[in-house]
Amino acid sequence: MFDRRLIENFDWGFLVVILLICSAGLVILYSAVTAGHDGVGVHPLFKRQIIWMVTGLCIMLASVVIDFRELDKLNLFIYTLCVGMLVAIYLFGELGGGSRRWLVIGFVRIQPSELMKIALVISLASVYSTCVSMEGLGFRDLIKPAILCLIPFGLIVNQPDLGTGLLLLLIAGSITLFVKVEKKVFFTLAGIGFSIVPLVWFVGLKAYQKDRILTFLDPDRDPLGAGYHIIQSKIAIGSGMVMGKGFLKGTQSALSFLPEQHTDFILSVLAEEWGLVGCLILLVLYLILLFWGLNIAYNCRNTFGSILAFGITIMIFWQIFINIGMVMGLMPVVGVPLPLISYGGSSVVTNMVGFGILLNISMRKFTN
């Protein structure tokens with residue numbers, strides 16, 4: 052029998068915030084791809100983004116129908132499917148920009164590393180919900196979560212896609228701290244993490260990755276090469292000042308000085324055209340979104356649902372934090388898109404699935 056409380060508890064406010072950010076994303080993307088466009092009519096990338104947005108919204112709304120607790124039962128299948136897609140990249144993946152990150156299935160181009168974010172959150176929520184305790188997790192409790200995290204991390208970093216790989220570690224680490232670990236475990240793992248930094252630098256990182264980090268520390272060391280992105284991004288942000296230059300009046304994007312202006316550096320387009328005011332409005336919308344997600348996690352009576360809601364919220368947070376830091380020159384350029392703003396079908400769908408799960412949990416917050 053259908054439970055009427057599901058309709059009564061539908062989170063319309065959360066949906067409105069998502070739609071506002073989507074609308075802002077389409078406006079900013081239109082400017083990013085239209086400025087300097089010599090073609091006739093609407094830019095193809097903008098049309099595709101609209102299709103992905105609509106598809107993502109449909110998937111988001113469809114995902115509220117099935118009880119989120121079913122994901123607990125399906126976690127192994129979802130995880131295995133996404134890992135299998137990551138493995139398939141090495142066999143059938145499409146090469147582009149020096150890395151192999153995409154699978155082409157018919158007319159659809161998928162980036163499995165994006166979908167892996169959701170799969171990892173679901174898997175960790177399922178594992179931690181069975182062993183969470185007031186004393187905190189011990190080393191034995193962390194063996195399975197570590198394996199679940201390191202398998203996709205290794206596959207993604209070898210594509211190579213260091214940014215998404217590190218994002219998985221940040222998500223997993225945040226969820227682990229959320230469920231609580233023993234103090235000795237925390238300090239031991241922190242010590243191990245700091246001690247392997249030199250090993251990662253000399254052995255783990257490729258030459259171009261080291262160059263990005265060095266350029267982050269000193270962008271002027273290679274202003275026409277690795278430092279070009281950051282320098283042009285700062286110019287765009289600074290030239291926007293308080294109110295911006297106006298819609299479609301950004302010179303950095305129109306003259307193609309700003310690289311990746313429709314993906315990783317789209318925030319620079321917003322800052323140049325809409326200024327500090329436009330950026331603050333977007334940040335306020337993001338803050339409302341994040342606090343709403345945390346509130347859903349806090350009010351959920353189901354342990355799996357609470358961890359799952361927190362995991363999805365922290366996934367969105369880290370994407371926002373890294374992208375903004377990267378665009379402002381406060382972090383190395385690692386290629387993390389800005390949620391619902393940057394162009395990219397896989398990113399849009401992944402985030403929409405996450406929002407759909409949050410809506411699902413919010414509707415069923417009265418269940419155990």
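Okay, so the sequence shown: first residue is 52 according to this note's numbering, each after it adds one.
For glycine and all other residues, C-beta sits at the position ideal for the given N, C-alpha and C.
Keep in mind it's a predicted model, so treat the numbers as computed, not measured.
Integer-rounded CB distance, given that Ile392 should sit under 8 Å from Ile79: Yes, they are in contact, since the Cβ atoms of Ile79 and Ile392 sit about 6 Å apart, within 8 Å.
Neighbourhood of Phe110 by C-beta, 8 Å cutoff - its chain only, sequence neighbours within 5 removed: With the sequence shown as reference, residue 110 is identified as Ile, and Phe is not the correct amino acid for it. The residues are Val400, Met403, Val404 and Gly407.
Cα-Cα separation between Pro203 and Leu166, rounded to whole angstroms: About 11 Å.
Assigned secondary structure, Glu323 (DSSP; H/G/I helix, E/B strand, else coil): Residue state, collapsed to three classes: helix.
Closest by C-alpha distance to Ile281, when choosing among Met379, Thr354, Gly295 and Ser290: Nearest C-alpha to Ile281: Met379.
Those residues which DSSP pairs with Arg160 across a bridge: DSSP links Arg160 through a beta bridge to Val155.
Coil, strand or helix - Thr146 by DSSP: Residue 146 is actually Leu in this sequence, not Thr. Of the three classes helix, strand and coil, the one that applies to Leu146 here is strand, per DSSP.
Per-residue DSSP class, three states only, for Val172: Residue state, collapsed to three classes: helix.
Straight-line Cα distance separating Asn353 from Cys182: Roughly 14 Å separates the two Cα atoms.
Alpha carbon of Leu341 to alpha carbon of Leu389, nearest angstrom: The straight-line gap separating the alpha-carbon atoms of Leu341 and Leu389 is approximately 14 Å.
The region 230-238 contacting the region 186-195, beta-carbon criterion three pairs below 8 Å: The way I'd put it, the region 230-238 does touch the region 186-195; three or more beta-carbon pairs between them come closer than 8 Å.
Three-way DSSP call (helix, strand, coil) for Leu334 in this model: In the structure shown, Leu334 falls within a helical segment according to DSSP collapsed to helix, strand and coil.
Three CB pairs or more closer than 8 Å across the region 152-165 and the region 131-140: The region 152-165 is in contact with the region 131-140.
Buried versus exposed, by CB contacts within 10 Å (16 or more), Ala348: By the Cβ neighbour-count rule, Ala348 is buried, with 16 or more other Cβ atoms within 10 Å of its own.
Entirely enclosed alpha helix (DSSP H) segments - the region 169-228, minimum 4 residues: If we require 4 residues or more, the alpha helix (DSSP H) runs fully inside the region 169-228 come out as 194-208.
For Leu331, the nearest candidate out of Ile288, Ile367, Lys124 and Gln370 (CA to CA): Restricting attention to Ile288, Ile367, Lys124 and Gln370, the CA atom closest to the CA of Leu331 is found in Ile288.
Closest residue to Ile373 among Asp315, Leu359 and Leu122 (Cα-Cα distance): Sorting Asp315, Leu359 and Leu122 by C-alpha distance to the C-alpha of Ile373 places Asp315 at the top.
Residues near Phe53 by beta carbon distance below 8 Å, same chain, minus five either side: With a pLDDT of only 48 at Phe53, under the threshold of 50, the placement of this residue in the model should not be trusted, and no figure is reported.
Gly326: CB within 6 Å of a non-hydrogen atom of the ligand PLP: Inclusion of the ligand PLP in the displayed structure is not the case, the ligand content being empty and no account of it being possible.
Spatial distance of Pro383 from Leu221 (CA atoms): So the two alpha carbons sit approximately 15 Å from each other.
Supposed contact pair Ile367 and Gly344 - C-beta distance, whole angstroms, cut 8 Å: Rounded to whole angstroms, the Cβ separation of Gly344 and Ile367 is 7 Å, and the two are in contact under 8 Å.
Alpha carbon of Leu132 to alpha carbon of Leu70, nearest angstrom: Taking the Cα positions, Leu132 is about 30 Å away from Leu70.
Per-residue burial, Leu219 [other beta carbons within 10 Å of its own, 16 or more giving buried]: With 16 or more other Cβ atoms inside 10 Å of its own Cβ, Leu219 counts as buried.
Inside the region 77-148 only - beta strand (DSSP E) runs reaching at least 3 residues: Listed in chain order, they are 145-147.
Distance CB(Ala350)-CB(Phe119) smaller than 7 Å: Reading off the sequence shown, one finds Asn at residue 350, where the question assumed Ala. Cβ atoms of Asn350 and Phe119: not closer than 7 Å.
Own chain partners of Lys300 with C-beta closer than 8 Å, once the 5 adjacent residues on each side are dropped: Closer than 8 Å at the Cβ level, and outside the excluded window around Lys300, lie Glu324.
Pick from Lys124, Phe229 and Val335 that is closest to Ile363, judged by C-alpha positions: Selected option, being the one with the closest Cα: Phe229.
Assumed close pair Ser319, Ser284 - CB separation to whole angstroms, cut-off 8 Å: Confirmed, about 5 Å.
Beta-bridge partners of Val232, as assigned by DSSP: Answer is Leu188.
Distance between Leu201 and Leu250 (C-alpha atoms, nearest Å): So the alpha carbons of these two residues sit roughly 17 Å apart.
For Ser164 and Ile207, believed in contact at Cβ under 8 Å, the rounded distance: Ile207 to Ser164, Cβ: 5 Å. Contact.
Element boundaries [alpha helix (DSSP H), containing Ile365]: For Ile365, the enclosing alpha helix (DSSP H) begins and ends at Thr354 to Val378.
Closest residue to Ser74 among Ser397, Leu359, Leu333 and Val293 (Cα-Cα distance): Taking each of Ser397, Leu359, Leu333 and Val293 in turn and checking the Cα distance to Ser74, the smallest one comes out for Leu333.
Buried or exposed (CB count within 10 angstroms, at least 16 for buried), Gly395: Buried.
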